[in-house]
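Residue numbers (the numbering used here): 212 to 508.
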Amino acid sequence: MRYKIKVMNTEQPPDNLLKGHKIPLWLMASILLIFIAIIIRFISPKVYLETNTNVVDTNSTKKPAPSLLPTEVIYPSQVLNLTNWKITIPTITSGDAIEIKQPRLATYNLNPWFTVLPEENAVRFRAAVNGATTSGSGYPRSELREMVDNGKTNASWPSNEGTHTMFLDQAITAVPKTKQDVVAGQIHDNNKDIIVVRLNYPTLHVRIDRTNVYTLDSNYTLGKRFTVKFVVSDGLTKVYYNNGIDPVYTLNKRYSDAYFKTGVYTQSNCSKEGSPSLCNDNNYGEVIVYQAAVTHQ
Numbered sequence: 212m213r214y215k216i217k218v219m220n221t222e223q224p225p226d227n228l229l230k231g232h233k234i235p236l237w238l239m240a241s242i243l244l245i246f247i248a249i250i251i252r253f254i255s256p257k258v259y260l261e262t263n264t265n266v267v268d269t270n271s272t273k274k275p276a277p278s279l280l281p282t283e284v285i286y287p288s289q290v291l292n293l294t295n296w297k298i299t300i301p302t303i304t305s306g307d308a309i310e311i312k313q314p315r316l317a318t319y320n321l322n323p324w325f326t327v328l329p330e331e332n333a334v335r336f337r338a339a340v341n342g343a344t345t346s347g348s349g350y351p352r353s354e355l356r357e358m359v360d361n362g363k364t365n366a367s368w369p370s371n372e373g374t375h376t377m378f379l380d381q382a383i384t385a386v387p388k389t390k391q392d393v394v395a396g397q398i399h400d401n402n403k404d405i406i407v408v409r410l411n412y413p414t415l416h417v418r419i420d421r422t423n424v425y426t427l428d429s430n431y432t433l434g435k436r437f438t439v440k441f442v443v444s445d446g447l448t449k450v451y452y453n454n455g456i457d458p459v460y461t462l463n464k465r466y467s468d469a470y471f472k473t474g475v476y477t478q479s480n481c482s483k484e485g486s487p488s489l490c491n492d493n494n495y496g497e498v499i500v501y502q503a504a505v506t507h508q
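Written out as structure tokens, the structure is:
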């Protein structure tokens with residue numbers, strides 16, 4: 212007797228198990244899309260945060276967060292590099308103004324004439340009309356004078372040798388009530404000023420030999436921040452304004468024993484103000500300096 216043995220393929224289900232139960236392609240595609248969406252939902256926020264960690268807005272005018280600033284800023288030397296400067300301060304109402312040199316200048320602060328404005332990360336220079344003056348001037352100043360050798364020696368350089376540069380980022384914030392004039396940056400020699408930036412309110416200009424040679428701003432608003440750069444080489448003194456590429460004015464003149472000055476040089480006094488009521492500490496010129504950088508090459 213012969214027996215027929217039927218072997219069933221166990222790797223595939225019988226036809227009757229699959230009949231009518233095939234998964235449509237559209238359903239499979241929908242499930243796949245949902246799965247992809249879930250992955251993107253949980254992964255993309257992390258990627259966004261990681262790729263934006265080091266983004267910096269170079270055009271931002273916002274102040275740094277307080278945590279990024281020094282914990283305690285009390286000296287102007289913590290804001291400006293004063294290694295090669297000395298300052299003249301109009302602290303008394305009679306006699307000559309006083310000079311503060313290095314190393315004392317490194318820890319010197321005299322409110323309100325020469326002090327830090329922590330909120331602005333800047334230094335305030337103020338000179339009242341009743342302040343003491345230097346022996347060669349009838350006007351008061353709170354002004355830095357360029358030095359060398361870590362502040363030990365007066366700077367003195369010629370206009371036709373090397374390249375000498377001073378960059379100022381600043382704002383003029385006050386002028387005297389009657390004679391509304393202040394100097395906010397200059398090149399000087401042993402005898403007189405060579406070229407200055409001066410505000411005859413409201414006109415901000417470049418001035419040489421008591422003559423306004425170029426107008427920087429015909430309607431300057433007190434507190435408006437601006438930049439000025441002096442570049443001296445080959446007997447030419449070039450003035451740049453508000454980070455311009457080209458100089459706005461060029462002086463063709465050779466001079467020697469030169470040095471830079473910055474701060475405020477108030478162009479008035481009690482006599483010029485014309486009234487005893489205006490001869491006080493509340494009548495002053497003032498400049499806020501955010502940056503003062505000098506280089507020699």
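Yeah, the Cβ is synthetic: ideal placement off N, Cα and C, and Gly gets one too.
Grouping DSSP H, G and I as helix and E and B as strand, with all else coil, what is residue 317? helix
Counting only the same chain and skipping the five closest in sequence on each side, list residues whose C-beta sits under 6 Å from that of residue 289. none
Run through DSSP, which three-state label would residue 508 get? coil
If residue 382 sits next to residue 475, beta carbons under 8 Å apart, how far is it from one beta carbon to the other, in whole angstroms? At roughly 11 Å, the Cβ-Cβ gap does not stay under 8 Å, so residue 382 and residue 475 are not in contact.
Residue from 487, 464 and 351 whose Cα sits closest to the Cα of residue 420: 464
Please report the straight-line C-alpha distance between residue 405 and residue 323, rounded to a whole angstrom. 29 Å
With a threshold of 6 Å on Cβ separation, who are the neighbours of residue 408 within its own chain once the five nearest residues in sequence on each side are excluded? 395, 396 and 439
Using a 10 Å radius around the Cβ and a threshold of 16 neighbouring Cβ atoms, would you call residue 285 buried or exposed? exposed
Please state whether the Cβ-Cβ distance between residue 299 and residue 357 is less than 9 Å. no
Just checking my contact of residue 389 with residue 489 at CB under 8 Å: how many whole Å lie between their CB atoms? 6 Å
Taking residue 468 as the reference, give the member of 508, 372, 297 and 477 with the closest Cα. 372
Excluding the 5 residues preceding and the 5 following residue 437 in the sequence, name in chain order all residues of the same chain whose CB lies nearer than 6 Å to its CB. 453
Who are the near neighbours of residue 413 in its chain, counting only those whose CB is closer than 6 Å to its CB and skipping five residues on each side? 430 and 431
When the Cα atoms are used, what is the spatial distance from residue 472 to residue 398? 6 Å
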